[in-house]
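Counting from 78, one number per residue, gives the positions in the sequence shown under the working numbering.
Cβ coordinates follow ideal geometry from the N, Cα and C atoms, glycine included.
These notes concern the structure reproduced below.
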Amino acid sequence: MESIKENIRNKSGFIIDMDGVIYHGNKLLPGVNEFLAWMESAGKKILTIFPTGHNMYWGV
78 MESIKENIRN
88 KSGFIIDMDG
98 VIYHGNKLLP
108 GVNEFLAWME
118 SAGKKILTIF
128 PTGHNMYWGV
């Protein structure tokens, strides 16, 4: 488990699919606020993906 955490700490940024990873329906998933706060405090970059049917939307 520690090697997984260390691997995450060593990344400069993340690509995240919002639906089902950050939120489900209209609710944030558990731990999201803490994860995003850590990312901000650690200076990590995030690229978000918003898939909607056959289209894919990207946000920074």
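- By the CB criterion at 8 angstroms, LYS122 and SER89 fall inside the cutoff.
- Contact between LEU124 and ILE85 fails: their C-beta atoms lie close to 16 angstroms from each other, not under 8 angstroms.
- Distance from the CA of GLU83 to the CA of GLY102, rounded to the nearest whole angstrom, comes to 31 angstroms.
- Pairing LEU105 with GLY97, the inter-Cα distance amounts to about 9 angstroms.
- The alpha carbon of ASN87 has as its nearest neighbour, out of ALA119, PHE127, VAL109 and MET95, the alpha carbon of ALA119.
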